[in-house]
Amino acid sequence: MKLRRAWLPALLLIAGLLLAGCQRGEPLPLRLTDVSGHMPDLDFKLTDDRGKPVTGADYRGKMVLLYFGYTHCPDVCPLTLAHLHVVMQRLGPLADGARILFVSVDPARDTPAVMHAYVNAFDPHAIGLTGDARAIEALSKRYRSAFTREPAASDGNYEVSHSSAIYLFDGEGHARALMTPSASQDDLVHDLHLLLDTGTKP
Amino acid sequence: MNSRHFGFLLTGLLAATAVHATDAQHIRASHAWLRVLPGDLPAGAYVTLQNNSDHPIVLRGASSPAYTDVMLHQSSSEGGMSRMAMVDELPVPAHGKAVLAPAGYHLMLMKAANPVKPGDTVELTLEFSDGSTLATDFVARPANAVDDDTH
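As you go down the protein sequences, you meet chains E and W in turn. So the first sequence is numbered by our numbering: it starts at 182 and just counts up by one. So the second sequence is numbered by our numbering: it starts at 2 and just counts up by one.
Next comes the structure, spelled out in structure tokens:
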């Protein structure tokens with residue numbers, strides 16, 4: 182009994198340190214590339230798919246999956262969003278704590294209305310963001326992402342090359358993980374569970 | 002059961018991706034589907050081609066009255082960048098396969114004549130470099146469909 186009492190303060194201290202550690206962003210055992218502390222917080226000034234001006238701060242309290250693409254991309258962008266839809270389904274009710282932010286790198290064609298129809302064809306947790314070309318470039322540069330418009334074809338149609346990474350932010354807007362195309366869906370689900378369980382406390 | 006009946010039975014079994022060979026007798030198409038996107042956005046179409054002949058057969062593209070333009074494309078990911086490029090041809094090796102699947106080779110369908118809905122069937126005519134063609138029915142699937150069939 183005495184022994185147990187003697188241990189109690191130490192246990193409490195350890196528990197307290199662990200909790201404090203979590204709140205200060207101690208490394209979580211993430212399976213994706215951990216970018217905690219190496220990338221700036223989520224910040225932008227864009228327009229959402231309902232035409233409302235939004236900033237990064239509007240998504241505090243939600244985990245964010247940030248992905249750059251464009252709607253005239255018939256293959257890889259829909260595939261990525263379809264995979265994210267499956268991931269959201271696998272999360273079940275936890276998915277309500279997450280938002281997929283699909284940022285257009287082709288704002289000339291991607292109006293809020295086009296983006297609205299597009300993201301809603303994939304998942305209810307997806308939000309389309311478009312806006313001023315310079316604001317989009319600023320966001321892309323902030324995360325060392327890149328995109329280039331390829332030369333237009335004779336019919337004026339053109340393709341856009343874009344970064345294939347998905348950036349994960351916690352509920353406080355801190356960049357936490359980077360998912361590259363080689364990573365598995367299981368790893369993404371694993372990390373989302375970790376971040377949704379521990380990362381969205383106010 | 003004679004071979005003709007057996008043929009009909011096979012056709013029935015393949016109903017999901019019904020294929021009727023016209024000229025290209027040695028190519029069999031399967032897993033033919035396309036991803037429907039909202040509005041008039043270009044759609045990606047996918048198919049697996051099996052060449053049962055002793056010679057390579059080269060896919061050059063496709064056409065359809067349902068779309069103004071159909072282009073053979075390839076997506077690639079290099080150095081963390083996704084790219085899409087037009088390709089002139091995709092060889093189907095002798096007694097081998099060529100797979101058009103998400104994140105790789107695909108047909109880009111542009112400007113639908115009429116809106117295409119999930120569940121619809123759209124006929125595309127695949128065109129090969131020897132001048133032969135293969136009319137193939139593609140099943141329209143929703144935007145968030147994931148290609149499970151070919152993997």
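Glycine residues also receive a C-beta, built at the ideal position from the N, C-alpha and C atoms.
Counting along the chain, the unbroken beta strand (DSSP E) around Ser83 (chain W) starts and ends at Met82 to Met87. Bounds of the beta strand (DSSP E) holding Arg330 (chain E) are Phe328 to Arg330. Our two residues, Ala294 (chain E) and Gly232 (chain E), have alpha carbons roughly 8 Å apart in a direct line. Membership of Asn52 (chain W) in the beta strand (DSSP E) is indicated by the continuous run Ala44 to Asn52. Interface flag for Pro362 (chain E) against chain W is set, since a Cβ pair is found closer than 7 Å. DSSP, read as helix, strand or coil, puts Pro66 (chain W) in coil. Contact between the region 78-88 of chain W and the region 325-344 of chain E is present, with at least three C-beta pairs closer than 8 Å. His374 (chain E) is classed as exposed because its beta carbon has fewer than 16 other beta carbons within 10 Å across all chains shown. In this structure Leu247 (chain E) is not in contact with Val370 (chain E), their Cβ atoms being roughly 17 Å apart against a cut-off of 8 Å. Judged by DSSP in its simplified three-state form, Ala333 (chain E) adopts coil rather than helix or strand. For chain E, the residues of the region 83-95 of chain W that bring a beta carbon within less than 9 Å of one of its beta carbons are Ser83, Arg84, Met85, Ala86 and Met87, in chain order. Per DSSP, the unbroken beta strand (DSSP E) holding Ala113 (chain W) starts and ends at Tyr106 to Ala113. Beta-bridge partners of Pro234 (chain E) (DSSP): E:Thr228.
In terms of beta-carbon proximity, Ser78 (chain W) lines the interface with chain E, with at least one pair separated by less than 7 Å. For Ala95 (chain W), there is no enclosing beta strand (DSSP E), as DSSP gives it neither H nor E. Interface flag for Asn145 (chain W) against chain E is set, since a Cβ pair is found closer than 7 Å.
Taking C-beta separations shorter than 8 Å and ignoring five residues to either side along the sequence, the partners of Gly354 (chain E) in its chain run Asp222, Leu223, Asp224, Gly237, Ala238, Tyr240, Arg241 and Val245, following chain order. Of all residues in the region 21-41 of chain W, those with a C-beta nearer than 7 Å to a C-beta of chain E are Arg36, Leu38, Pro39 and Gly40, reading in chain order. Measuring C-alpha to C-alpha distances from Gln366 (chain E) to each of E:Ala263, E:Ile317, E:Ala279 and E:Glu340 identifies E:Ala263 as the nearest.
For His306 (chain E) against Met269 (chain E), the beta-carbon gap comes to about 5 Å, under 8 Å, which counts as contact.
With a threshold of 16 other beta carbon atoms within 10 Å, Val88 (chain W) falls short and is exposed.
The beta carbon of Ala356 (chain E) lies closer than 8 Å to those of Val216, Ser217, His219, Met220, Pro221, Asp222, Leu223, Tyr324, Tyr348, Leu349 and Phe350 in the same chain, with the five residues before and after it left out. CA-CA distance, Tyr339 (chain E) to Ala333 (chain E), rounds to 4 Å.
The residue from W:Met111, W:Ala46, W:Ala95 and W:Ser130 with its alpha-carbon nearest to that of Thr122 (chain W) is W:Ala46. Inter-segment contact for the region 57-73 of chain W and the region 313-322 of chain E is absent: fewer than three beta-carbon pairs are separated by less than 8 Å. Residues of the region 329-361 of chain E that bring their beta carbon within less than 9 Å of a beta carbon in chain W comprise Thr329, Glu331, Ala334, Asp336, Asn338, Glu340, Val341, Ser342, His343, Ser344, Ser345, Ala346 and Thr361, in sequence order.
Taken atom to atom, the span from the alpha-carbon of Val235 (chain E) to that of Val48 (chain W) is near 41 Å. Cα atoms of Ser345 (chain E) and Asp55 (chain W): separation of roughly 39 Å, rounded to the nearest angstrom. Between Ile28 (chain W) and Pro116 (chain W), the alpha-carbon positions lie close to 29 Å from each other. When only Cα atoms are considered, Ala95 (chain W) and Asp287 (chain E) end up about 41 Å apart.
Using a CB distance cut-off of 7 Å, His56 (chain W) does not count as an interface residue toward chain E.
Listed in chain order, the positions of the region 259-285 of chain E with a beta carbon within less than 8 Å of a beta carbon of chain W are Pro259, Leu260, Leu262, Ala263, His264, His266 and Val267. Counting of Cβ neighbours within 10 angstroms places Ser335 (chain E) among the exposed residues, the total staying below 16.
With its beta carbon less than 7 Å from one in chain E, Ala44 (chain W) belongs to the interface. The region 293-332 of chain E is shown to contain whole beta strand (DSSP E) runs of 3 or more residues at 307-311 and 328-330, in chain order. Using a Cβ-Cβ cut-off of 7 Å, Ala104 (chain W) is close to Asp256, Val257 and Leu260 of chain E, given in chain order.
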